[in-house]
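Let me begin by presenting the structure, written as structure tokens, before commenting on it.
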Amino acid sequence: MDFRPHIEKFARRFAEVEASLSDPKVFDNNQRAQELSKEYATLKELVVSGNAYLKVLADLSENRALLESEPVDSELGVMAREEVARLEAEEKRLGKEVLAGIVPPEPTDSRNTIIEIRAGAGGSESALFAADLYRMYTRYAEARRWKVEAMDSSTSDLGGFKEIIFMVTGSDVFKRLKYESGVHRVQRVPATEAQGRIHTSTCTVAVMPEAEEVDIEIRPEDLEINVCRASGKGGQGVNTTDSAVQIQHKPSGLIVRCADERSQQKNKASAMTVLRSRLLERKIAEEDAKYAAFRKEQVGTGERNERIRTYNFPQNRVTDHRIEVTLYNLPTFIEGDIDGLIEPLMANALEEKMAALKI
């Protein structure tokens, strides 16, 4: 595929956006200025990658010509052959970066993200695994300089979570984390197991883009809002005031509860954020089912009824069943080093999108 026309298009648009941002009047509209700033940052990366790609193509052409003109076993021939191998790998890497810019991004990719982790089969061990997953995503977020904010949680007797809801804010959060939706399975010997038997437990992970008010219209008359006293961890100020908020959306039957803040107003705002995001997720799922039913079998659909990943501690492996990739670094993976699966998942999704668009 010839990327040159696309690289030239990126460069032209980059110049246009740069010129727009140099006009002070643009900043009279804060939302427009933010949109242009985000586009500028994205285009800048694409232009850098595109120019590097064109440079690699030129260097490859020179070294291939040299390789043809020199004896294979000569010093120049050996050097040219090594350089061609290096440049071909670089061409492939940069080509993927350019290609990612050609394929239209999902409108929700740049959104902040709400993650809900719930214990499934396995009792106390499942709740402990939910805590492990929460720590895994928290540490991954820290490594990428994202911010994590707990919104609601329900703890188990042994220190795990029956449920935890939290928001992750930063650059391209949903773009990278959306493939985590689904059933996560763990196989290990629980700390409470006296006979050393391996147990299998599960947790469900729901990853939702933060919804904006323009995405979902919620009428006040469709809401039933109740306040109550928070319980569990949080200190005396949280546990002795009516700060917890529960919101029921009557048309959908969805119920959201937030209690991690001391302020009733803050909990109400958090609950509304979660509600909008759940309704947006439902809306996206309905559109996917209506217009592209085949995507149910693809990556990133958010289906909860299938196991997407297995964490096998005795064998030190983590397997993603959607792309059939297995890594043997489970201790570091569970501590937040999860790009080894996120990157292949993103690449697989890009290939499927290209096939659908016939690129």
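Residue numbers 784 to 1142, in the working numbering, belong to the letters of the sequence shown in order.
Virtual Cβ for every residue (Gly too), placed ideally from N, Cα, C.
Bear in mind the structure is a predicted one, so any value in this text is a computation, not a measurement.
How would you label residue i, buried or exposed, when you count the other beta carbons within 10 angstroms and need 16 or more for buried?
{"i": "residue 801", "result": "exposed"}
{"i": "residue 821", "result": "exposed"}
{"i": "residue 932", "result": "exposed"}
{"i": "residue 1008", "result": "exposed"}
{"i": "residue 865", "result": "exposed"}
{"i": "residue 788", "result": "exposed"}
{"i": "residue 894", "result": "buried"}
{"i": "residue 846", "result": "buried"}
{"i": "residue 852", "result": "exposed"}
{"i": "residue 1202", "result": "With the chain covering 784 to 1142 only, the question about residue 1202 has no answer from this structure."}
{"i": "residue 755", "result": "Within the shown structure, residues of the chain are numbered from 784 to 1142, placing residue 755 beyond reach of any answer."}
{"i": "residue 876", "result": "exposed"}
Where do the ends of the beta strand (DSSP E) carrying residue i lie?
{"i": "residue 886", "result": "Counting along the chain, residue 886 falls outside any beta strand (DSSP E), and DSSP gives it neither H nor E."}
{"i": "residue 946", "result": "944-952"}
{"i": "residue 1145", "result": "The question about residue 1145 has no answer, for the chain in this structure spans 784 to 1142."}
{"i": "residue 1037", "result": "1037-1041"}
{"i": "residue 769", "result": "Since the first and last residues shown for the chain are 784 and 1142, residue 769 lies out of range."}
{"i": "residue 989", "result": "982-992"}
{"i": "residue 1027", "result": "1027-1032"}
{"i": "residue 1092", "result": "1090-1095"}
{"i": "residue 970", "result": "965-971"}
If I measure Cβ to Cβ from residue i and keep anything under 6 angstroms in the same chain, skipping five residues before and after, which residues do I get?
{"i": "residue 1102", "result": "1093 and 1109"}
{"i": "residue 1033", "result": "1005"}
{"i": "residue 786", "result": "881"}
{"i": "residue 927", "result": "none"}
Near residue i, which residues of its chain fall below 7 angstroms by C-beta distance, leaving aside the five closest residues on each side in sequence?
{"i": "residue 929", "result": "951, 952, 953 and 956"}
{"i": "residue 934", "result": "948, 949, 950, 1041, 1043, 1053 and 1057"}
{"i": "residue 849", "result": "859 and 863"}
{"i": "residue 1126", "result": "none"}
{"i": "residue 842", "result": "870"}
{"i": "residue 1117", "result": "915, 919 and 1094"}
{"i": "residue 844", "result": "none"}
{"i": "residue 1111", "result": "1099 and 1100"}
{"i": "residue 1077", "result": "Interpretation of residue 1077 is limited by its pLDDT of 34, a score under 50 that renders its predicted location unreliable; the figure taken from the coordinates is listed afterwards. The answer is none, since no qualifying residue turns up."}
Is residue i near residue j, with beta carbons less than 8 angstroms apart?
{"i": "residue 1119", "j": "residue 923", "result": "yes"}
{"i": "residue 960", "j": "residue 990", "result": "yes"}
{"i": "residue 798", "j": "residue 809", "result": "no"}
{"i": "residue 805", "j": "residue 819", "result": "no"}
{"i": "residue 918", "j": "residue 999", "result": "no"}
{"i": "residue 867", "j": "residue 836", "result": "no"}
{"i": "residue 883", "j": "residue 900", "result": "no"}
{"i": "residue 958", "j": "residue 892", "result": "yes"}
{"i": "residue 897", "j": "residue 993", "result": "yes"}
{"i": "residue 971", "j": "residue 1096", "result": "yes"}
{"i": "residue 1113", "j": "residue 1131", "result": "no"}
{"i": "residue 1137", "j": "residue 839", "result": "no"}
{"i": "residue 943", "j": "residue 902", "result": "yes"}
{"i": "residue 1037", "j": "residue 1061", "result": "yes"}
For the alpha helix (DSSP H) holding residue i, just list the boundary residues, first then last.
{"i": "residue 958", "result": "956-960"}
{"i": "residue 817", "result": "813-852"}
{"i": "residue 909", "result": "907-926"}
{"i": "residue 1113", "result": "1113-1116"}
{"i": "residue 795", "result": "787-804"}
Leaving out five residues on either side along the sequence, give the residues of the same chain with a beta carbon under 8 angstroms from the beta carbon of residue i.
{"i": "residue 854", "result": "860"}
{"i": "residue 1051", "result": "1008, 1028, 1030 and 1041"}
{"i": "residue 1088", "result": "Confidence at residue 1088 is low in this model, with a pLDDT of 44, below 50, so its placement is unreliable and the value that follows should be read with caution. So the list reads 966, once near-sequence residues are dropped."}
{"i": "residue 1010", "result": "1025, 1026, 1027, 1028, 1029 and 1047"}
message = Three Cβ pairs or more, each shorter than 8 angstroms: is that satisfied between the segment 870-877 and the segment 957-969?
response = Touching, no, given that fewer than three Cβ pairs across the two stretches are closer than 8 angstroms.
task = Decide yes or no for the touch test of the segment 971-989 against the segment 903-910: beta carbon pairs closer than 8 angstroms, at least 3 of them.
result = Contact between the segment 971-989 and the segment 903-910 is present, because at least three Cβ pairs lie under 8 angstroms.
query = Within the chosen definition, does the segment 792-799 reach the segment 830-841 through at least 3 CB pairs nearer than 8 angstroms?
reply = Contact between the segment 792-799 and the segment 830-841 is established, with three or more Cβ pairs separated by less than 8 angstroms.
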